[in-house]
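What follows is a single structure, written as structure tokens, with notes after it.
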Amino acid sequence: MRTHFNQPFPTLPAMSDKNVQPRDQLYASPLDAIVNFQFDEQVVGVFADMINRSVPGYSTVIKSLGILAARYAQPDSRCYDLGCSLGAATLSMRQQIRQPNCRLVAVDNSAAMIERCREHLQVATEEDQVDLILANIQDVAIKDASVVVMNFTLQFIPPAQRAALLARIWRGLKPGGVLLLSEKICFDDAGEDQALTDWHHDFKRANGYSDLEISQKRSALEQVMRPDTLATHRRRLGDAGFSRVQPWFQCFNFASLVAFK
Ligand code: GEK
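Our numbering numbers the first residue of the sequence shown as 474 and each following residue consecutively.
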């Protein structure tokens, strides 16, 4: 596969020739009605800035996913990035994986995301060894996988359908394969949940979001993004067949796990 030994880690996808990221101001003015959040053209245009200023530890997680993928990638296998957005995790894997004949498969159901992802990854030919697929991750075939990344994507799948998706991922993994799962999490204890939410909002404020932006974005996400507790993730992963779950990162209410087949 193509390797990029001397390139820096892809902490921020390049958004233009000058590497300037358009600033997310989608919720900066009062909105008459808050509609459910969608990964449309508007969001895609500011997505790199939005995710970096909203998800604590995002650049560390992206860098680490490449490192973990490089450890668990197997020769002659596929490495999936489910809900790839602009392809930051795919790029990180592409830069780090050294195994021969690893095909990267990046999937997203937002046409605008896939289009912009193609530009970022500069996928033009078969030689690039990345398949970019516009599809619901619940419908896409997963096979011969050594690594499956779901970086903040499972939280957008309806809760009742999450177990079936995880079971399908488990079946598509080769022996020794891993699922690298990152999610926003919630907490059973109301006080703990409130504290972690407050700290996350402090993080967003420190990154320049106003109280209005925080509250309007929160309302827009309420119906479409449903976090689970870590205990729920662990139980569901176990039920899907994963033999072991290793948390490796948490910053406020955002966590990353490795689940082993
Ligand atoms: C990153 N992983 O930068 N099928 C396919 N894609 C979906 C589906 C679905 N059913 N539901 C949501 N998506 C990325 C960040 S963002 C997380 C992931 C966030 C896609 C959706 O279009 C979006 O691109 C992505 O999942 C979620 O590492 O914005 O909080």
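Built from N, CA and C at the ideal position, the CB exists for glycine as well.
Owing to the predicted nature of the structure, the values given are computational and were not obtained by experimental measurement.
C-alpha distance - residue i paired with residue j, whole-angstrom precision
i    : j    : result
A668 : V578 : 38 Å
I658 : F725 : 9 Å
D617 : A728 : 27 Å
A543 : S532 : 17 Å
A732 : D505 : 43 Å
D662 : T702 : 10 Å
G556 : G664 : 31 Å
K734 : S683 : 42 Å
T626 : D675 : 23 Å
R571 : S716 : 26 Å
L730 : L710 : 10 Å
Assigned secondary structure, residue i (DSSP; H/G/I helix, E/B strand, else coil)
i    : result
L594 : helix
M623 : strand
D604 : strand
G681 : coil
A614 : coil
L577 : strand
G560 : coil
I540 : helix
F520 : helix
F722 : strand
Among the options, the one whose alpha carbon lies nearest that of residue i
i    : options                   : result
R714 : W672, G649, Y553 and V580 : It is Gly, not Arg, that sits at residue 714 in the sequence shown. Ranking W672, G649, Y553 and V580 by Cα distance to G714 puts G649 first.
V580 : R551, S527 and W672       : R551
P503 : V731, S692, L710 and L685 : L685
K647 : D513, A546, I540 and Q515 : A546
A763 : Q494, E514, A521 and S692 : No answer is possible for residue 763: it lies beyond the span of the chain, which begins at 474 and ends at 734.
Beta carbon of residue i nearer than 7 Å to that of residue j
i    : j    : result
D773 : M523 : There is no way to answer for residue 773, as the model of the chain reaches only from 474 to 734.
L652 : V621 : yes
A562 : I535 : yes
R589 : L564 : no
R591 : P632 : no
C507 : Q719 : At residue 507 the sequence reads Ile, which differs from the Cys that was named. The answer is no: Cβ separation not under 7 Å.
Cβ-heavy atom distance, residue i to the ligand GDP, below 6 Å
i    : result
D617 : Questions concerning the ligand GDP fall outside what the structure shown contains, since the ligands it does hold are the ligand GEK.
Worksheet item: In chain order, what residues place their C-beta within less than 5 Å of a heavy atom belonging to the ligand GEK?
Response: Going by the Cβ distance cut-off, the answer is F512, G556, S558, A561, A562, D581, N582, S583, M586, N609, I610, N624, F625, T626 and F629.
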